[in-house]
Amino acid sequence: MAERPAIARRPRARRALRGPRYDAQRLWLRHGSLELSAACPDCDRDADRAEAARLLTCLLAPAARSEASKLAHDLLRRFGSLGATLAASAHARAAVVTEGRAQDVLDLCATIHRHALRHEALSRPIIGSSEALAQYLKLEAGFRTVETLCVLFLAADNRLIDEGVIAWGAVDSAHLPIRAILQRALDCAATGLILVHNHPSGDPEPSRADIEATCALVEAARTFDLRLVDHVIVARAGWTSLRARGLC
Numbered sequence: 001m002a003e004r005p006a007i008a009r010r011p012r013a014r015r016a017l018r019g020p021r022y023d024a025q026r027l028w029l030r031h032g033s034l035e036l037s038a039a040c041p042d043c044d045r046d047a048d049r050a051e052a053a054r055l056l057t058c059l060l061a062p063a064a065r066s067e068a069s070k071l072a073h074d075l076l077r078r079f080g081s082l083g084a085t086l087a088a089s090a091h092a093r094a095a096v097v098t099e100g101r102a103q104d105v106l107d108l109c110a111t112i113h114r115h116a117l118r119h120e121a122l123s124r125p126i127i128g129s130s131e132a133l134a135q136y137l138k139l140e141a142g143f144r145t146v147e148t149l150c151v152l153f154l155a156a157d158n159r160l161i162d163e164g165v166i167a168w169g170a171v172d173s174a175h176l177p178i179r180a181i182l183q184r185a186l187d188c189a190a191t192g193l194i195l196v197h198n199h200p201s202g203d204p205e206p207s208r209a210d211i212e213a214t215c216a217l218v219e220a221a222r223t224f225d226l227r228l229v230d231h232v233i234v235a236r237a238g239w240t241s242l243r244a245r246g247l248c
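For the sequence shown, position 218 (counting from the first letter as 1) is numbered 218 according to full-length UniProt numbering, and the numbering increases by one without interruption.
Structure, rendered in C-alpha cells:
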C-alpha cells in the first residue's frame with residue numbers, strides 16, 4: 001500500500017498576550033525611555049498618546065476600576081506625557097488621583113521606572129553610556145518646573161562616587177557656586193565632574209550664560225586637576241551634551 005504524502009503543517013500563529021501583566025511589560029518596553037518626543041509627527045504623537053492612555057488605564061484598572069480611563073486621560077492632560085506623569089512627584093500626582101490604592105500603583109510604577117533607569121545609567125562607568133545617563137537625568141530633572149543644578153562626582157575609573165543638588169535657579173557664571181562644587185569634589189576625592197541642569201522651558205539648547213558658566217568651571221577645576229567631563233542640559237524635549245558640541 002502506497003504511503004500517503006506528508007502534509008506540510010502551517011505553524012500555528014502565536015496568540016497575542018493580553019492582560020495587566022503583559023500591559024505593564026509593554027508600558028516599560030514602549031515608554032521606559034521616556035522618549036515621547038515632541039519632535040515626532042502629529043500622527044505619531046497622537047498614536048503615542050492614545051497608547052499611553054490605554055496602558056495607564058490598564059495599570060490603574062485593578063485599583064480604580066470604572067474610573068481608570070478617566071484618570072488616565074486626566075493624568076496625561078495634567079502632565080502632558082507618560083514620561084512626565086511618572087517623573088512627577090507623588091504629591092503632584094495626588095492632585096489628580098485621589099484614591100489611595102491608585103496612588104500606590106502609580107508611585108510603585110514610578111519608583112520601579114526610576115530604579116531601572118538609575119541602575120542602567122550608574123552601575124557601570126558613566127563615560128560611554130551617555131544615552132542611558134541622559135535618560136536617567138531627564139527623569140530626575142527634565143520635568144522640573146524650577147531650574148536646578150546638580151553635579152555628579154566621578155572617581156578615576158569614571159564611576160559615580162557622589163551626587164547632589166548644588167543650587168536652584170538660573171545657571172550663569174555669576175551665580176554658579178564654583179567654590180562649593182570644588183570643595184565637595186575634594187572632600188569626596190573625585191577626579192571628574194558632570195554638571196547637570198534642566199531647562200523648565202522644555203528646550204535643551206544651551207544659552208550663552210550656560211556656555212560661559214561651563215567655561216568658568218572648566219578653568220577653576222583645572223587648578224585642582226579636576227576634569228569637567230560634561231555639562232548636560234535636560235528638558236522635556238530632550239537633552240544636550242556640551243561636550244558633544246565641543247563647548248567644554
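Ideal Cβ placement from N, Cα and C applies to all residues, glycine included.
Between the CA atoms of residue j and residue i - distance to the nearest angstrom
| i | j | result |
| --- | --- | --- |
| L247 | A156 | 22 Å |
| R18 | A53 | Any reading at R18 must be qualified, since the residue scores a pLDDT of 47, below 50, and its modelled position is unreliable; no value is offered. |
| A95 | L76 | 13 Å |
| R26 | R93 | Low per-residue confidence applies at R26: pLDDT is 46, beneath 50, and the placement is therefore not dependable, though the value from the model is reported in the following sentence. Approximately 22 Å between the Cα atoms of the pair. |
| T240 | R45 | 22 Å |
| A64 | D107 | 14 Å |
| R30 | G80 | Its pLDDT being 44, under 50, R30 is placed unreliably in this model, and the value from its coordinates should be taken loosely. C-alpha separation (whole angstroms): 17 Å. |
| I98 | A132 | Note that residue 98 is Thr in the sequence shown, not Ile. About 33 Å. |
| I112 | A90 | 14 Å |
| C150 | G169 | 11 Å |
| A221 | H119 | 28 Å |
Test item: CB-CB of residue i and residue j under 8 Å
| i | j | result |
| --- | --- | --- |
| A235 | D210 | no |
| V232 | I178 | no |
Nearest candidate by alpha-carbon position, reference residue i, set the options
| i | options | result |
| --- | --- | --- |
| A189 | F153, G238, A220, L133 | F153 |
| L137 | V146, R114, E205 | R114 |
| G238 | A84, E212, T191 | A84 |
| H175 | T191, E140, H199, L217 | L217 |
| H199 | I166, A220, T98, T145 | T145 |
Distance between beta carbons of residue j and residue i, contact taken as under 8 Å
| i | j | result |
| --- | --- | --- |
| S66 | T57 | About 11 Å; that fails the 8 Å criterion. |
| L86 | A72 | Not quite, the Cβ-Cβ distance comes to about 13 Å (not below 8 Å), so this is no contact. |
| L242 | T214 | 6 Å |
| L139 | L117 | 5 Å |
| T148 | V165 | 6 Å |
**Prompt:** Counting pairs of beta carbons, one from the segment 92-103 and one from the segment 155-171, are three or more of them closer than 8 Å?
**Reply:** no
**Message:** Would the segment 176-186 count as touching the segment 228-242 if we require 3 or more Cβ pairs under 8 Å?
**Reply:** no
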